């Protein structure tokens, strides 16, 4: 058997394999998170541009009676969205 303080080749290979598997798992998690973060940022940006479109609408038209209501909500939430995007 191997001398005290020295690991056998089999043990080193097993440890190396375990580290490799752990590293692969961490890379996969990081990649998935990065993709998710990118899609979240994209979704937030789309909502933000939709909000900005509503903010430029003229609400004097009676057919757009919800417009003022939405504009009010958007003005209140716009700051939060800008904080998230920062």
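Residue numbers (our numbering): -7 to 78. Here a beta-carbon is modelled for each residue, glycine too, at the ideal position from N, C-alpha and C. Computed from a predicted structure; not experimentally measured.
Rounded to whole angstroms, residue 44 and residue 20 show a C-alpha spacing of 36 Å.
Straight-line spacing of the CA atoms in residue 33 and residue 77 works out to 7 Å. When only Cα atoms are considered, residue 63 and residue 15 end up about 48 Å apart. Within the same chain, 63 and 66 come within 7 Å of residue 47 by CB-CB distance, once the 5 residues on both sides are set aside.
Bounds of the alpha helix (DSSP H) holding residue 25 are 1 to 47.
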